[in-house]
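Q: Just dropping this structure here.
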Amino acid sequence: MNSQTQRRSTLAVTAVAALVLSLTACSSGGSDEAGSKASGDFEYLSLAENTSVKDALTTLSTGACAAPEATSALTVTTQPQASFDQQLQLLAGQGALPTIFATGNSPEVIKDIHGAGQLVDIGAELDELGKSDAIIPAARSTIEALYDGEDYVLPTEFNVEGIWYNKTIFADQGLTAPTTWDELVSDAAALADAGVTPLAAAGKDGWPLTRLVGNYIYRELGPDALQKVADGDAKLTDPEYVEAAAKVAELGAAGGFGPSVGSIDYTTAMNQFLTGKAGMYYMGSWALANFNDEAQNTVGADNIGFVPFPDVEGGVGDSTQLAANIGVPLAMSESTFDDGAADWLGCIADNFGTTSLQDQGVVTGFAAEKGDDLPALTSTVLDQIDQADTTVLWFEALFNPKATTTSTSNAQLLVTGQMSPEDFMAAVQADLG
Amino acid sequence: MRHVLGDKRAIALLLGPALLVYTLVMLVPVVWSFGYTFFEGNAITGFEPVGLDNFTRLLHDPDVRTATWFTVRFAVLLTLVQVIVGYLLALFYVFVLRRSSGIVRTLVFFPVVLPTVAVALLFQQLFESAPRTGPVNALLEAVGIGSVDWFASGTTAFWVIIAMETWRSMGFYAVLLYAGLVDIPEETLESARLDGASGFRLVRHIVVPLSLPVLLSAVIFSINGTLKVFDSVLALTNGGPGNQTTPLTLYMYQTSFTYGEYGYGSSIALLLTMFCLVVTLVIFRSSRRDLTKA
């Protein structure tokens, strides 16, 4: 009897202690609407696959951002990319978004969260901190094109896309880097005759193929061509849009992507190019990390050249309009935006670009100091970015998730001749509504 | 025992906890999901009532038709193959291997315990055509047929899924049907043999009718499992190329969690539930009729 009473009182004490602990935990971690803005941890939810942002933030926390780190410590949690959008939807649904987080796979998800008023207006906050120059103009224009003219994300990557080519293979075959689509097609034919895969492309993932369709549209019809589709002023089934799909399908039919393109995944395509089995490779500048890695790149970084997607004869657009994207940018949650988070934002604006470029070799949308020991290929890309006055997006950038899936999953059918260009564009247009 | 079960409070006490858990984890989500069919939206944007719009859309959506047709083809064909191959294996165990079938049964059953994703990766490698030539294509090239890009077209990818699922599940159906076959009294078989029945006639007139109940349970197991196929397709082809190997389950998952349309996703779930219910009812009814005949 005695021991039972004792056990009960122990239980009661434990329960009360747990309750008190959880209440204090809530008040320190969550937003405190009534009183002063006590700073909670600076929680970062990262894509498990992307380690560069995490590494850059960690480096900052022990160096340039030691001051904000002292009041609001950086904590990192990760979530695999495949289930990241679901995780964001779940957290946003519960009002439990972390302080700063990767925006997931589809721009649509973060637009929904922004629509629900859960995000910090980063553009306005940077203005208030007097750091509106922190984001470079090319990156700002990409952000605004992507997010309906608003800037509520941080460009922790800034990638330009184009065609990388193997200089040795081109020299051996007496070819020059393509400046027009017709040259690209004839180069591809020459490479195929020489037994080299002309363009390495991950047909399994689909998007490296639809990127070509999107670029062709921009070169043919100008930088606002896909915005018109998004606004409903043009349709993908219009003949001038179908032409882009038809040209890419023709390239595929002529063996431009090598055999069994539908079985090639991202890593395999990268490998084909870096081991000298492919002459060209359409990819974004995020691949610089792989190009600059001697273990992966057996053809040598000096041996790789870059050209923007070539011109289309008679087209309105031109090759100075580089295809660009901001990778998976970061957003900040309104409910946990306290003084500590604001200090962190200011510090990121000042230092993230330089740290990321010099330590990780990643080009970001932040202004950065180049340093002296930058790899030559990375410098080439930075020069291209400096020269670009207008950037264009990718094919699916303004599509809803369903049209994006339809586009990428049918791409391999398009280039293997199992789906006509008309049917391909009609299927995507149908999902756009 | 009768005393305990006659007491209503005892019944409530015994059933209560299980019923409560069942209600919370099964019935509430089912009713909730049914409720979603009259709304559209997701956890972030909130939900808006749309009346019967989701059902109208279900009727006119070409993707639903493609997915339903794939699901039906897949379920019917795989059920036939699984049960027939399983039955042949069971006959092999009982009449050919007899008492020494233990090790063969274990080996054939082994794929059942492997994780689906591992099996899918294995089959991707087996049927690979690029960048390396997989064993199947190497064999085809060796006999002069030439390599096939199995995952590039819906038709060939369909057959790879069927082959993979058969390999993965035939051991299970073989053991299930084996249990039914060993139940057939040896005397009955002996007297049939004395009457001159052997081989195919013995199986056709004695073994099949006597193992019909277990054969029907195998069919019900199989058709319900195959109608709800999800993980193996997701891991092997992810529904592609295009949506040519997308079953209803995968389309439902994509609609809800990739496209953020919980309402329409729930409507597809409802369609699938009705499908399974009708098929099971039809099989139950026909099985009852058959049993009385037997």
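First to last, the sequence lines map onto chains A and B. Residues 1 to 433 in full-length UniProt numbering are what the first sequence lists, from first letter to last. Residues 1 to 294 in full-length UniProt numbering are what the second sequence lists, from first letter to last. Even for Gly, the Cβ is constructed at its ideal location relative to N, Cα and C.
#1: Quick check on DSSP: helix, strand or coil for Met419/A?
#2: Which residue spans inside the segment 249–332 of chain A form an unbroken alpha helix (DSSP H) run of at least 4?
#3: Short of 9 Å Cβ to Cβ, which residues in the segment 148–175 of chain B face chain A?
#4: Could you list which residues in chain C have their beta carbon closer than 7 Å to that of Ala130/B, in chain order?
#5: Between Leu413/A and chain B, is there a C-beta pair that is closer than 8 Å?
#6: Please list, in chain order, the chain B residues whose beta carbon lies closer than 8 Å to that of Leu330/A.
#7: From the beta carbon of Thr405/A, is the nearest beta carbon of chain B less than 8 Å away?
#8: Is DSSP giving Thr237/B helix, strand or coil here?
#9: In or out: Leu80/B buried (at least 16 other Cβ within 10 Å) or exposed?
#10: Taking only three categories from DSSP, how would you classify Tyr340/A?
#11: Could you check what DSSP says for Pro198/A in three-state terms: helix, strand or coil?
#12: At what residue ranges does the segment 132–182 of chain A contain a whole run of the alpha helix (DSSP H), taking only runs of 4 or more?
#13: From this set, Leu146/A, Thr275/A and Thr197/A, which residue's C-alpha is nearest Asp224/A's C-alpha?
#14: Can you list the residues of chain A that Ala43/B reaches, using a CB-CB cut of under 9 Å?
#15: Using the Cα positions of Gly361/A and Gly284/A, report the straight-line distance between them to the nearest angstrom.
#16: How about the segment 115–134 of chain A and the segment 68–85 of chain A: do they share at least three Cβ pairs that are nearer than 8 Å?
#17: Got a sec: is the Cβ-Cβ distance from Lys402/A to anything in chain B below 8 Å?
#18: Cβ of Thr156/A less than 8 Å from any chain B Cβ?
#19: Determine the closest residue to Ala245/A out of Asp231/A, Gly232/A, Glu220/A and Thr58/A, with distance taken between C-alpha atoms.
#20: Might you give, ordered along the chain, the residues of its own chain that have their beta carbon closer than 6 Å to the beta carbon of Gln296/A, omitting 5 neighbours on each side?
#21: Is the Cβ-Cβ distance between Gly365/A and Ala102/A less than 8 Å?
#22: With a threshold of 8 Å between beta-carbons, can Gln125/B be considered close to chain A, or not?
#23: Find the residues of chain B that neighbour Asp112/A, judging by a C-beta separation of less than 8 Å, and give them in chain order.
#24: Any idea which residues DSSP pairs Val392/A with across the strands?
#25: Who are the Cβ neighbours of Lys228/B in its own chain at under 8 Å, not counting the five residues just before and after it?
#26: Compute the beta-carbon to beta-carbon distance between Asn54/B and Ser267/B, rounded to the nearest angstrom, for a pair I have assumed lies under 8 Å.
#27: Name the chain B residues that come within less than 9 Å of Asn159/A, Cβ to Cβ?
#28: In the DSSP assignment, find the unbroken beta strand (DSSP E) run with Glu48/B in it and report its ends.
#29: With a threshold of 8 Å between beta-carbons, can Ser409/A be considered close to chain B, or not?
#30: If you run the structure through DSSP and keep just helix, strand and coil, what is Gly265/B?
#31: Starting from the beta carbon of Thr416/A, find every residue of chain B whose beta carbon is closer than 7 Å, and list them in chain order.
#32: Report the rounded CA-to-CA distance for Ile135/A versus Ala349/A, giving the unit in angstroms.
#33: Taking Cβ positions only, does Asn54/B come closer than 8 Å to chain A?
#34: Just to make sure I have the definition right: I need the residues of chain A whose C-beta is within less than 7 Å of the C-beta of Gly240/B. Which are they?
#35: Leaving out five residues before and five after Leu57/A in sequence, what residues of the same chain have Cβ atoms less than 7 Å from its Cβ?
#36: Confirm, please, whether the CB-CB distance from Gly104/A to Asp121/A is below 8 Å.
A: According to the structure shown:
#1: coil
#2: 266–274 and 288–291
#3: Asp149, Trp150, Phe151, Ala152, Ser153 and Gly154
#4: Among the protein chains of the structure shown, namely A and B, there is no chain C.
#5: yes
#6: Here the premise fails: no neighbours, minimum Cβ distance about 18 Å.
#7: yes
#8: coil
#9: exposed
#10: Per the sequence shown, residue 340/A should be read as Gly rather than Tyr. Here Gly340/A sits in helix by DSSP.
#11: strand
#12: 137–146 and 167–172
#13: Leu146/A
#14: Gln89, Leu90, Ala92, Gly93 and Gln94
#15: 14 Å
#16: no
#17: yes
#18: no
#19: Glu220/A
#20: Leu274 and Asn290
#21: no
#22: no
#23: Asn42, Ile44, Thr45 and Gly260
#24: Ala323/A
#25: Thr249, Leu272 and Cys276
#26: 4 Å
#27: Those within 9 Å of Asn159/A in chain B number zero; the least Cβ separation is about 23 Å.
#28: Gly46 to Pro49
#29: yes
#30: helix
#31: Ala152
#32: 8 Å
#33: no
#34: Ser409
#35: Tyr44 and Leu74
#36: no
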